[in-house]
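*Asks:* Taking this note's numbering, I'd label the letters of the sequence shown as residues 28 to 259.
Ideal placement from N, C-alpha and C gives every residue a C-beta, glycine not left out.
Predicted model, so just to flag it, every value in this text is computed and none were measured.
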Amino acid sequence: FFVSLVANLTNMVAAALRIRHTVRFEEDPAIETGSFFMAFGCMLSWILLIQYFEHESRYYVLILTLRKGLPRVLRFVVGVVPLFIGYAFFGVAYFSDDSEFFKDLDHACVTLFALLNGDVVSDIFADLHDADPLVSRLYIYTFVALFIYAVLNVFVAIVEDAFLLPKHFPSAKKTTTTNPKAAPKILLTKCLMKHHHDPTQKFFACVVKILALHRRCSKPPKPATRTILALK
28 FFVSLVANLT NMVAAALRIR HTVRFEEDPA IETGSFFMAF GCMLSWILLI
78 QYFEHESRYY VLILTLRKGL PRVLRFVVGV VPLFIGYAFF GVAYFSDDSE
128 FFKDLDHACV TLFALLNGDV VSDIFADLHD ADPLVSRLYI YTFVALFIYA
178 VLNVFVAIVE DAFLLPKHFP SAKKTTTTNP KAAPKILLTK CLMKHHHDPT
228 QKFFACVVKI LALHRRCSKP PKPATRTILA LK
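Here it is in structure tokens:
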């Protein structure tokens, strides 16, 4: 509802500014604002198409993943931001006089973000070498080791965990059945959902529960008693 409301408002504002520009037939400084509202409204209108995939989970995986993993991702990002800002301030304080990549905080953050994604690594090594060969090497090595090998992999693991859960168990909590053959599968699904954070605990707990269920199901059923009604 909120996205739909914002999209409609931005489209109306963009249309009004465009009509104003067309009627006045002169240079209007508001035309740039109108272009922004038009572009933003167009983007939101396309994003709203995702809501029609809600009843088909195969096409709604992205929203399910974001809904499950976004809170954890945001908490993780909040914990990582001080490290990133610390590296950015160090780069500005130490390399700003010798490198265009770190001439101010904005350029330093852009450079480190590009370095985090594996871009311009060799260029940054070469550019900072003249400022201080030893410090520049330690600076880049530690940043790459910390953010690419640790932070980025933890980020991917969080998103992957949020992706796998709704993909494989979209409706396990709502699943009920009276078929005895389907009971082990449902029990296994619920067990995996409960212990999906600890692989060892998940394995042994699921094995014990499945064996117990199999033992109960393998017992011969009691003979059915028949009641004969006497008709008067």
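Could you give the C-beta distance for residue 175 and residue 151, rounded to a whole number, given that I count them as a contact under 8 Å?
*Replies:* With a Cβ gap of about 13 Å, residue 175 and residue 151 do not count as contacting.
*Asks:* DSSP on residue 127, reduced to helix/strand/coil?
*Replies:* Correct three-state label for residue 127: helix.
*Asks:* Report the residue from 125, 62, 30 whose alpha carbon sits nearest the alpha carbon of residue 4.
*Replies:* Not covered by the structure: residue 4. The range shown for the chain is 28 to 259.
*Asks:* Indicate whether at least one CB of chain C lies closer than 8 Å to the CB of residue 38.
*Replies:* Judged by its chain identifiers, the structure shown contains no chain C, having just a single protein chain.
*Asks:* Could you pull the start and end residues of the alpha helix (DSSP H) that residue 88 belongs to?
*Replies:* Run containing residue 88: 88-122, per the alpha helix (DSSP H) assignment.
*Asks:* Would you mind reading off the limits of the alpha helix (DSSP H) that contains residue 164?
*Replies:* Counting along the chain, the alpha helix (DSSP H) containing residue 164 begins and ends at 160-170.
*Asks:* Going by Cα to Cα distance, which pick from 164, 37, 115, 133 is closest to residue 148?
*Replies:* Among 164, 37, 115, 133, the Cα nearest to that of residue 148 is on 164.
*Asks:* Return helix, strand or coil for residue 202, following the three-state DSSP convention.
*Replies:* Reliability of the predicted coordinates at residue 202 is poor, the pLDDT of 44 falling under 50, and the value obtained from them is presented with this limitation in mind. It is coil, neither helix nor strand.
*Asks:* Measuring only the C-alpha atoms, how far is residue 93 from residue 73?
*Replies:* Roughly 18 Å separates the two Cα atoms.
*Asks:* With 16 as the cutoff for other CB atoms within 10 Å, does residue 140 come out buried or exposed?
*Replies:* Residue 140 is exposed by the Cβ-count criterion.
*Asks:* Measure the alpha-carbon distance for residue 181 versus residue 190 and round it to whole angstroms.
*Replies:* About 14 Å.
*Asks:* Straight-line CA distance for residue 89 to residue 156?
*Replies:* Residue 89 and residue 156: Cα-Cα distance of roughly 42 Å.
*Asks:* When the Cα of residue 186 is compared with those of 33, 81, 120, 104, which residue comes out closest?
*Replies:* Taking only the C-alpha atoms, the option nearest residue 186 is 104.
*Asks:* For residue 170, count neighbouring C-beta atoms within 10 Å of its own C-beta (all shown protein chains included) and say buried if the count is 16 or more, exposed if not.
*Replies:* Answer is buried; the Cβ neighbour count reaches 16.
*Asks:* Beta-carbon within less than 6 Å of residue 85's beta-carbon, same chain only, minus the 5 sequence neighbours each way: which residues are those?
*Replies:* So no residue of the chain qualifies.
*Asks:* I want to check one thing, is the minimum distance from the CB of residue 179 to the heavy atoms of the ligand NAP below 7 Å?
*Replies:* Within the structure as shown, the ligand NAP is missing, as the structure has no ligands at all.
*Asks:* In angstroms, rounded to a whole number, what distance separates the CA positions of residue 40 and residue 100?
*Replies:* Spanning the two alpha carbons is a distance of roughly 34 Å.
*Asks:* Buried or exposed: which applies to residue 96, given that a residue is buried once 16 or more other Cβ atoms fall within 10 Å of its Cβ?
*Replies:* Label assigned to residue 96: buried.
*Asks:* Using three-state DSSP, classify residue 178 as helix, strand or coil.
*Replies:* Helix, per DSSP.
*Asks:* With residue 140 as the anchor, note down where its alpha helix (DSSP H) starts and where it stops.
*Replies:* Counting along the chain, the alpha helix (DSSP H) containing residue 140 begins and ends at 132-143.
*Asks:* Comparing C-alpha positions only, which one of 145, 29, 114 sits nearest to residue 135?
*Replies:* Cα-wise, what sits closest to residue 135 is 114.
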